[in-house]
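Notes follow the structure.
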Amino acid sequence: MGDNRMRRDPLLPTHWFNILHDRPHYVTSAVSRSRLGGGLKAASQGGALLQQPLSLARQSINTADRLIPIPEQVLDLYAQYRPTPLRRAGRLEERLDANARIYYKFEGANLTGSHKLNTALPQAYYYAGAGVKHLVTGTAAGQWGTALAYACQVMNLGCTVFMVRSTLRQKPIRGEMMRLFGAVVHESPSDLTEVGRSVLKEDPAATGTQAVANGEALALVEEDRESRFAVGSGENSVLLHQTVIGQEAVSQMALLGEFPDCVIASMGAGSNFGGIALPFLGAAEDSGKSVRLVAVESAACPKLTRGRYMYDLSDALGSSPITKVYSLGSTYVPPPVYAGGLRHHSAGPLASAMRADGTLQPMDIDQLTSFRAGMLFCETEGVLPAPESAHAVAGMMDVVSRHPRQEPPLVVLVNISGHGLLDLGAYSRFAAGEIEPVTADDASLSKSLSALEEFNRGIAEPAEAT
Amino acid sequence: METVINDYISRELVPDPALLPLANDILLLDSGILDSLSLLRLVVFLEERFDITMGDADVLPENFASVDAICAYLRARELGKEAAHG
């Protein structure tokens with residue numbers, strides 16, 4: 001252990017940055033089931049018990065501490081792959097003839113291939129410390145499932161993963177990787193749970209969604225008190241853990257004498273976006289500078305650009321907290337896209353609050369545009385972005401292209417949240433001209449939004465959390 | 467103690483005035499008054515108000531079933547502390 005400490009890089013943060021200290025109004029706004037009528041009111045009460053250990057759950061509502069210490073054991077594990085590289089994308093600048101200095105932070109250089117490990121490790125640490133024996137989760141693209149499987153192996157926990165059917169079939173090697181780390185992997189929807197069975201009964205060919213996968217995971221947990229549900233994005237505590245990304249980037253940019261005008265990341269539920277953006281928000285407020293924060297979502301699942309800011313569920317079982325989020329409705333089924341991590345029907349509560357008060361600017365990008373950007377980034381920078389991260393690259397290129405020539409160069413920072421080496425099949429299809437610019441399914445969207453509005457009828461605004 | 471806890475839950479956690487006044491024996495979890503987020507807020511309140519620290523082993527359904535159950539849990543905890551100090 002002592003040797004590991006010696007190997008810690010000085011740039012490795014020793015604390016997580018807690019935006020709730022600076023902006024306590026971002027504490028999740030939620031409503032109790034007692035406000036609902038009908039079936040949901042009497043729905044499973046599994047959500048009434050704390051799924052998370054107190055130590056972890058407290059992090060989601062802590063407004064007292066701006067910096068929260070990272071446990072020593074987690075720091076030692078972070079030190080195995082952090083700090084991650086921050087580089088200038090000089091060849092991309094030349095290719096774009098950009099009036100900009102483009103920097104990127106690369107989170108794909110760890111065993112599991114994405115930023116998800118930044119929260120999987122502390123979550124497994126806290127659960128193991130609370131005596132939990134087994135973690136169950138839902139995963140869309142598989143990055144979260146892979147990271148949790150590895151973290152559980154490190155912490156001697158069992159792990160079960162429900163992975164969205166469409167993405168598991170697109171990249172079965174993700175499932176193999178999780179199994180390699182000792183996890184049990186199920187395709188979702190499955191016939192193992194009532195949630196999955198009801199979806200399959202309605203549509204045996206259902207492609208699956210993150211909400212259904214999470215619902216199946218929660219259903220499994222309800223049957224076993226030694227198991228808990230772990231979530232890879234959306235929760236305030238998850239965004240907190242991810243702030244190691246942005247804190248490192250603040251220091252790395254400062255060493256280069258830079259502070260970004262604009263920070264850009266893709267948006268699933270908000271973890272990689274929050275991870276890189278929140279520390280810059282804090283740093284800007286400390287220094288009196290300004291920073292523009294851009295969240296890039298999939299046009300197939302445009303919750304920030306076309307969703308409603310309403311109360312909604314995050315899982316198909318209906319036992320997750322009912323929180324105020326930008327959502328397309330939990331029944332929305334996005335068309336299958338390769339960026340499975342961007343298919344969640346809602347943004348997390350914190351990212352939604354940032355959208356509501358204008359701190360975050362949303363942008364939607366279609367799949368074809370994202371692959372073009374991802375390939376260009378690969379050709380020029382030698383890094384193949386995950387399909388989710390390719391959306392961020394495309395968004396960054398859009399921002400840069402709109403920057404006037406006569407202005408000083410724009411300084412932009414984009415988060416490459418993961419590598420695309422397990423998505424080569426998708427990139428091959430792009431190269432063969434087989435990728436379409438997939439956008440939202442309007443009929444499904446309209447139906448789902450109507451259901452969301454109906455769900456919210458009768459829910460009065462609760463008193464603001466203080 | 468019952469009054470303090472009942473007042474907090476009634477004021478901060480019961481969102482529907484139709485559920486008030488809150489009886490001390492109403493089932494908080496089964497009725498859906500407490501969910502995971504409001505339960506967490508209640509834990510933080512109890513820690514601050516009664517100067518205690520709770521761990522995962524304390525957050526059991528039986529300890530938070532009702533206002534009466536919460537008070538019984540706190541009193542048992544206090545008794546245990548006194549016994550430990552002889």
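Which chain is which? The protein sequence lines are W and L, in order.
Under my numbering, the first residue of the first sequence is numbered 1, with each subsequent residue one higher.
Under my numbering, the first residue of the second sequence is numbered 467, with each subsequent residue one higher.
From the three backbone atoms N, C-alpha and C, an ideal C-beta is built for every residue, glycine too.
Only a predicted model underlies this, so the values are computations on that prediction, with no experimental measurement involved.
Of the other Cβ atoms in all chains shown, 16 or more fall within 10 Å of the Cβ of Lys303 of chain W; this residue is therefore buried.
In this model, Asp496 of chain L and Val510 of chain L are separated by some 21 Å (Cα to Cα).
Between Arg543 of chain L and chain W, the shortest Cβ-Cβ separation is not below 8 Å. By alpha-carbon distance to Ile536 of chain L, the top candidate from L:Ile499, L:Asp491 and L:Ser476 is L:Asp491. Per DSSP, reduced to three states, the secondary structure at Phe181 of chain W is coil, with no helix or strand assignment. In this structure, the alpha-carbon of Tyr309 of chain W lies about 11 Å from that of Leu449 of chain W. Proximity of the segment 114-125 of chain W to the segment 266-278 of chain W meets the contact definition, three or more beta-carbon pairs being nearer than 8 Å.
Leu342 of chain W counts as buried, since no fewer than 16 other beta carbons sit within 10 angstroms of its beta carbon. Of the candidates W:Phe259, W:Ala89 and W:Gly395, the residue whose Cα lies closest to the Cα of Asp286 of chain W is W:Phe259. Interface residue (Cβ-Cβ distance to chain W less than 8 Å): Ser502 of chain L is classified as such.
Taken atom to atom, the span from the alpha-carbon of Thr119 of chain W to that of Leu54 of chain W is near 16 Å. When C-alpha distances from Gly182 of chain W are compared across W:Gly196, W:Asn214, W:Ala130 and W:Ala147, the shortest belongs to W:Ala147. W:Ala79 is the residue among W:Ala64, W:Ile19, W:Ala79 and W:His25 whose C-alpha sits nearest the C-alpha of Asp9 of chain W.
Shown here for Leu77 of chain W: same chain residues with a beta carbon closer than 6 Å to its own, the five before and five after excluded, namely Leu121 in chain order. Here DSSP, grouped into helix, strand and coil, assigns Lys324 of chain W to strand.
In this structure, DSSP gives Gly395 of chain W a helical state, which the three-state scheme calls helix. Boundaries of the alpha helix (DSSP H) harbouring Thr243 of chain W: Asn236 to Leu255, taken from the DSSP string. In the displayed model, His21 of chain W falls within a helix according to three-state DSSP. The distance from the Cβ of Met178 of chain W to that of Ala149 of chain W is about 4 Å, consistent with a contact at the 8 Å cut-off. Sixteen is the threshold: when 16 or more other Cβ atoms of the shown chains lie within 10 Å of the Cβ of Asn18 of chain W, as they do, the residue is buried.
Neighbourhood of Val509 of chain L in chain W, by CB distance below 9 Å: Leu50, Leu54, Ala57 and Arg58, in chain order.
At the C-beta level, Ile365 of chain W and Ala299 of chain W come within 8 Å of one another. Only buried fits Met163 of chain W, as 16 or more other CB atoms lie within 10 angstroms of its CB.
The C-beta distance from Phe371 of chain W to Tyr427 of chain W rounds to 7 Å, short enough to meet the 8 Å contact threshold. Of the candidates W:Val411, W:Asp65, W:Leu111 and W:Thr14, W:Asp65 places its Cα closest to the Cα of Arg23 of chain W. With the criterion set as a beta carbon lying under 7 Å from some beta carbon of chain L, the segment 413-432 of chain W has no members that meet it. By the CB criterion at 8 Å, Ala265 of chain W and Ala386 of chain W fall outside the cutoff.
DSSP places Pro122 of chain W outside any beta strand (DSSP E); the residue lies instead in the alpha helix (DSSP H), whose first and last residues are Leu117 to Gly129. Rounded to whole angstroms, the Cβ separation of Val400 of chain W and Ala89 of chain W is 10 Å, and the two are not in contact under 8 Å. With a threshold of 8 Å between beta carbons, Asp534 of chain L makes no contact with chain W. For Ala128 of chain W, the closest alpha carbon among the candidates W:Ala230, W:Val184 and W:Val195 is that of W:Ala230.
What Leu488 of chain L touches in chain W, judged by beta-carbon distance under 7 Å, is nothing: the nearest beta carbon there is about 11 Å away. Distances from the alpha-carbon of Leu135 of chain W to those of W:Asn214, W:Ser446 and W:Ile68 put W:Asn214 closest.
When Cβ-Cβ separations below 8 Å define contact, Asp522 of chain L makes contact with chain W. In summary, Pro189 of chain W is buried, with 16 or more beta-carbon neighbours lying within 10 Å of its beta-carbon over all protein chains present.
DSSP places Gln406 of chain W in the coil class of the three-state scheme, outside both helix and strand.
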